[in-house]
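Structure first, then comments.
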């Protein structure tokens with residue numbers, strides 16, 4: 001089977017952890033030997049690389065093409081209009097990618113299916129492209145695209161149009177599938193294939209050695225994620241006054257750092273909070289192994305990969321009871337779900353975990369139940385069914401734009 005993987009959520013040399021869950025799922029799918037894929041990962045166009053422009057400047061440094069894990073990846077530029085361009089984003093993305101996808105077909109890679117990730121704007125753009133190139137499209141919903149975007153009237157209409165015209169849909173957890181059914185999308189067209197965890201990358205290590213290497217002592221928790229309101233690092237910091245012997249590591253970058261630092265100072269816990277900045281995937285396993293627990297206080301999560309990464313290293317978690325998270329943290333050896341998503345709720349959950357702390361080996365064994373095998377097999381089944389049920393129009397024929 002030949003796929004064209006399409007998503008703006010894909011790692012690149014400038015942002016190697018950006019959308020790494022999309023790349024990881026694809027790597028395991030390719031390892032089956034039954035699929036090949038090229039990747040079109042559009043990035044926002046911006047005229048300047050000056051640091052003062054933040055993420056936009058960073059995207060301008062992304063190469064036009066690169067190879068990752070022997071996968072060919074191209075990065076067409078699409079116009080992003082800040083604040084007012086949300087409803088135009090799918091069309092702008094699709095228009096920007098037509099030439100690149102046409103080149104790929106003309107050079108001999110006549111793919112069978114567009115494998116799109118994230119429903120809006122990526123999935124909508126992918127369906128537009130699927131109609132243009134006469135290709136079926138499968139869209140994977142991953143979280144915010146379903147639990148937030150439909151709140152906006154026009155994007156919701158576009159999302160529903162894409163759902164009605166997609167050949168198939170995947171959600172990364174059952175909770176998102178149920179939400180999509182609630183939007184009016186037929187459930188028989190949606191399959192839930194949860195993310196797995198890279199059990200070769202995230203492994204238990206000598207915990208004492210990891211702690212010594214990183215200078216960690218005492219009961220230490222780690223919170224991983226972009227520093228923005230959705231990840232709620234402020235709640236985790238706010239729990240520290242109720243956990244006087246607990247230290248906190250925060251891995252991630254984002255616009256809230258100064259605000260979080262100020263909060264830690266106002267609560268008198270600055271000496272117990274360490275901001276690690278950006279931590280590469282290859283380094284995260286050291287921090288997971290050194291920590292006693294991982295905390296995720298997010299307000300929204302489709303399927304939080306960081307939870308499984310921590311557990312694969314043998315480190316239990318404390319997590320907010322939202323969306324797909326109860327499907328990840330389903331047994332005591334995995335960790336504890338907060339009874340309420342507040343600073344107090346975090347403190348109580350950490351205390352509960354410490355009183356019934358699981359064996360690290362048991363936590364690892366729990367994570368091993370989340371390999372990528374079932375997800376890979378589910379994708380192969382879905383893609384095969386779609387390819388075998390193709391219509392009679394010649395493959396690769398371009399429709400009227």
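In full-length UniProt numbering, the protein residues as written are 1 to 401. For every residue, glycine included, the Cβ atom is placed at its ideal position computed from N, Cα and C.
Is residue 75 near residue 12, with beta carbons less than 8 Å apart?
Contact: yes.
Check this for me: beta carbons of residue 367 and residue 311, under 8 Å apart or not?
Yes.
Is residue 302 near residue 335, with beta carbons less than 8 Å apart?
At a Cβ-Cβ threshold of 8 Å, residue 302 and residue 335 do not count as neighbours.
At 3 residues or longer, what runs of the beta strand (DSSP E) sit wholly inside the segment 366 to 392?
none
Residue(s) in a DSSP beta bridge with residue 107
Answer by DSSP bridge pairing: none, since residue 107 is not bridged.
Pairing CB atoms from the segment 172 to 192 with CB atoms from the segment 273 to 288, are three or more of them under 8 Å?
no
Quick check on DSSP: helix, strand or coil for residue 127?
helix
Rounded to a whole number of angstroms, what is the C-alpha to C-alpha distance between residue 186 and residue 10?
28 Å
Residue 375 Cβ short of 7 Å to the ligand ZN heavy atom set:
This structure lacks the ligand ZN; in fact it carries no ligand of any kind.
What is the DSSP secondary structure of residue 256, counted as helix, strand or coil?
Coil, per DSSP.
Limits of the unbroken beta strand (DSSP E) element including residue 274:
273 to 277
What residues match up with residue 233 in a beta bridge as DSSP calls it?
Under DSSP, no beta-bridge partner is assigned to residue 233.
Contact criterion: CB-CB distance below 8 Å. Does residue 242 meet it with respect to chain D?
The structure shown contains no chain D; it holds only a single protein chain.
Less than 6 Å between C-beta atoms, sequence neighbours within five positions excluded: which residues of the same chain meet that for residue 220?
Excluding positions up to five away in sequence, the list reads 247, 291, 292.
Range of the contiguous alpha helix (DSSP H) that encloses residue 227:
Run containing residue 227: none; DSSP gives neither H nor E here.
Give the single residue among 15, 326, 249 whose Cα lies nearest to the Cα of residue 214.
Out of 15, 326, 249, the CA that lies nearest to the CA of residue 214 is found in 249.
Quick one: any contact between the segment 356 to 367 and the segment 140 to 154, if contact means 3 or more CB pairs under 8 Å?
no
Between 252, 348, 120, which lies nearest to residue 238 when the distance is taken from Cα to Cα?
Its Cα nearest to that of residue 238, the residue 348 stands out among 252, 348, 120.
Going by DSSP, which residues form a beta bridge with residue 72?
67
Taking only three categories from DSSP, how would you classify residue 152?
DSSP places residue 152 in coil when its eight states are reduced to three.
Taking contact to mean at least 3 C-beta pairs separated by less than 8 Å, is the segment 149 to 164 in contact with the segment 118 to 134?
Yes, they touch.
Using a 10 Å radius around the Cβ and a threshold of 16 neighbouring Cβ atoms, would you call residue 375 buried or exposed?
buried
Cβ contact check for the segment 53 to 72 and the segment 313 to 324: 3 or more pairs under 8 Å:
no
Note down the Cα distance separating residue 337 from residue 344, rounded to an integer number of angstroms.
13 Å
Could you tell me the alpha carbon to alpha carbon distance between residue 42 and residue 14, rounded to whole angstroms?
14 Å
Determine the closest residue to residue 217 out of 224, 207, 225, with distance taken between C-alpha atoms.
207
For residue 252 versus residue 273, is the C-beta distance shorter than 8 Å?
no
What would DSSP say about residue 351, mapped onto helix, strand or coil?
Judged by DSSP in its simplified three-state form, residue 351 adopts helix.
Measuring alpha carbon to alpha carbon, tell me which residue in 304, 327, 365 is nearest residue 333.
365
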